[in-house]
């Protein structure tokens, strides 16, 4: 057996091991303190035929579970509804409904089978994690398409991206969360963009636009991905612009925008309680509370602490080192980068744009946890390439045979 096959098999086995460890971690945890009452309540309300509002209280079944099984609750003891504070409300109703609608289907089936709510929660966590895993494995065809476009990228490098994503998925993010759908939609959009570059058919263009719109229906944080995705697509699209595809693209965006606006206008929360919830976040998450060093430290810690293995294991420093090495090699091998791996420039510019945008928002906009990595899981491949692109530069420069 050749060395490249051995490395490939080892990477697949590592991915499988991480998935097993993550699932084991997911099913053994109590309610997550990262908004899981409200996330589950969103699914419950949809299952009961109601769109949740921020001002709604969480459903009785969730509340009763915290009373009957306080050991599984966020605080580990019994609290009345007033004692739950913000956790007593459906404040995650501020998010669009796509992710929650997908999980409503298995939740309805389990409700018909009279499965208790905490058991339903565990199953929905696993389904949510599976959606994330599928999204990460879409990196394989994505990097293969880059290969087809003339950028030599070993399969082992693509598998490394999957491994990277799996390693950073399960921190305190073991619970439900709408951003776990983001990699599937964003990577799907990237695949369509690369297919369009390979063969500019309108079906790829329309699917690209639709996936972008769906990503916003899953998480508004995906708005940060839009400039990157449009930057990747715009050059090829302009060369293949027609009146027909312009009209259809515009219609897709107008229809989805109309649906989004309708959702916001129709499902309006009770104003007094909505104002209280917004004020709570603004008071507790003020703008400019973190300096740049602390912001980066918290962001990377949130990204790289390996809770599902050992909460003391933090790979943030490894990222610092690899990111620095990558920048140095990009400078030293700039000619090779321009000649063989020009797409790495797009990734590096995208990361710079993203960091600057986050820092600006953290400085000026209060009431949102800009420093929480969980909101930006659609950008995992960009983070991976930003600290490992030097491998491709060395591969291109010296023709290392590890593909």
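Numbering (this note's numbering), first residue to last: -19 to 383. Note that the Cβ used here is the ideal one computed from N, Cα and C, for glycine as well.
Bounding residues of the alpha helix (DSSP H) (the contiguous stretch that carries residue i)
i, result
"residue 94", "Here residue 94 belongs to no alpha helix (DSSP H), and DSSP marks it neither H nor E."
"residue 243", "223 to 246"
"residue 137", "135 to 149"
"residue 21", "16 to 27"
"residue 265", "Here residue 265 belongs to no alpha helix (DSSP H), and DSSP marks it neither H nor E."
"residue 32", "Careful: residue 32 lies outside any alpha helix (DSSP H) and carries neither H nor E."
"residue 198", "182 to 198"
"residue 369", "360 to 378"
"residue -8", "-17 to 7"
"residue 217", "206 to 219"
"residue 357", "Unbroken run through residue 357: none, as it is neither H nor E."
"residue 168", "162 to 178"
Straight-line gap, residue i to residue j (C-alpha atoms, nearest Å)
i, j, result
"residue 378", "residue 183", "38 Å"
"residue 20", "residue 317", "46 Å"
"residue 167", "residue 96", "34 Å"
"residue 231", "residue 147", "39 Å"
"residue 319", "residue 134", "17 Å"
"residue 249", "residue 29", "17 Å"
"residue 136", "residue 123", "10 Å"
"residue 5", "residue 99", "15 Å"
"residue 17", "residue 289", "25 Å"
"residue 334", "residue 325", "14 Å"
"residue 110", "residue 40", "28 Å"
"residue 336", "residue 58", "43 Å"
"residue 366", "residue -9", "20 Å"
"residue 236", "residue 226", "16 Å"
"residue 69", "residue 91", "22 Å"
"residue 116", "residue 163", "6 Å"
"residue 49", "residue 66", "20 Å"
"residue 54", "residue 224", "53 Å"
"residue 206", "residue 217", "15 Å"
"residue 0", "residue 112", "14 Å"
"residue 61", "residue 263", "22 Å"
"residue 13", "residue 268", "24 Å"
"residue 305", "residue 311", "10 Å"
"residue 265", "residue 152", "19 Å"
"residue 363", "residue 331", "7 Å"
"residue -7", "residue 141", "14 Å"
"residue 313", "residue 303", "15 Å"
"residue 178", "residue 129", "6 Å"
"residue 75", "residue 199", "6 Å"
"residue 272", "residue -18", "47 Å"
"residue 22", "residue 131", "43 Å"
Contacts around residue i, its chain only, beta-carbon distance under 7 Å, and the 5 residues preceding and following it disregarded
i, result
"residue 188", "169, 172, 173, 176 and 213"
"residue 284", "148, 294, 295, 296 and 299"
"residue 275", "339, 342 and 351"
"residue 9", "154"
"residue 309", "370 and 373"
"residue 376", "132, 316, 320 and 321"
Nearest-angstrom beta carbon gap, residue j and residue i [assumed within contact, 8 Å]
i, j, result
"residue 247", "residue 33", "6 Å"
"residue 93", "residue 194", "That pair is no contact at about 29 Å."
"residue 114", "residue 86", "Contact doesn't hold; Cβ gap of about 15 Å is too wide."
"residue 159", "residue 357", "5 Å"
"residue 360", "residue 63", "So it is not a contact: roughly 37 Å between Cβ atoms."
"residue -5", "residue 143", "6 Å"
"residue 165", "residue 191", "5 Å"
"residue 156", "residue 104", "6 Å"
"residue 71", "residue 257", "5 Å"
Contacts around residue i, its chain only, beta-carbon distance under 6 Å, and the 5 residues preceding and following it disregarded
i, result
"residue -3", "none"
"residue 7", "102"
"residue 127", "133"
"residue 24", "39"
"residue 125", "174"
"residue 381", "Caution applies to residue 381, whose pLDDT of 44 falls short of 50 and renders its modelled position unreliable; the value that the coordinates give is listed next. There are no such residues."
"residue 2", "150 and 288"
"residue 253", "35"
Own chain, CB closer than 8 Å to residue i, minus 5 neighbours either side, in chain order
i, result
"residue 278", "270 and 351"
"residue 255", "none"
"residue 81", "26"
"residue 203", "196"
"residue 281", "294 and 296"
"residue 228", "182 and 186"
Chain D contact for residue i (CB, 9 Å cutoff)
i, result
"residue 258", "In the displayed structure, chain D is absent; only one protein chain is listed."
Report the residue ranges of all alpha helix (DSSP H) runs contained in full by the stretch 40 to 123; include only those spanning at least 4 residues, in chain order. With a minimum length of 4 residues, the continuous alpha helix (DSSP H) runs that stay inside the stretch 40 to 123 are 40 to 48, 61 to 64, 78 to 92 and 97 to 117.
Scan the stretch 269 to 313 and note each continuous alpha helix (DSSP H) run of 4 residues or more that stays entirely inside, going in chain order. Here the runs fully enclosed are 272 to 284 and 296 to 312.
What ranges does the alpha helix (DSSP H) occupy inside the stretch 330 to 355, keeping only unbroken runs of at least 4 residues that lie completely in it? DSSP runs (the alpha helix (DSSP H)) wholly in the stretch 330 to 355: none.
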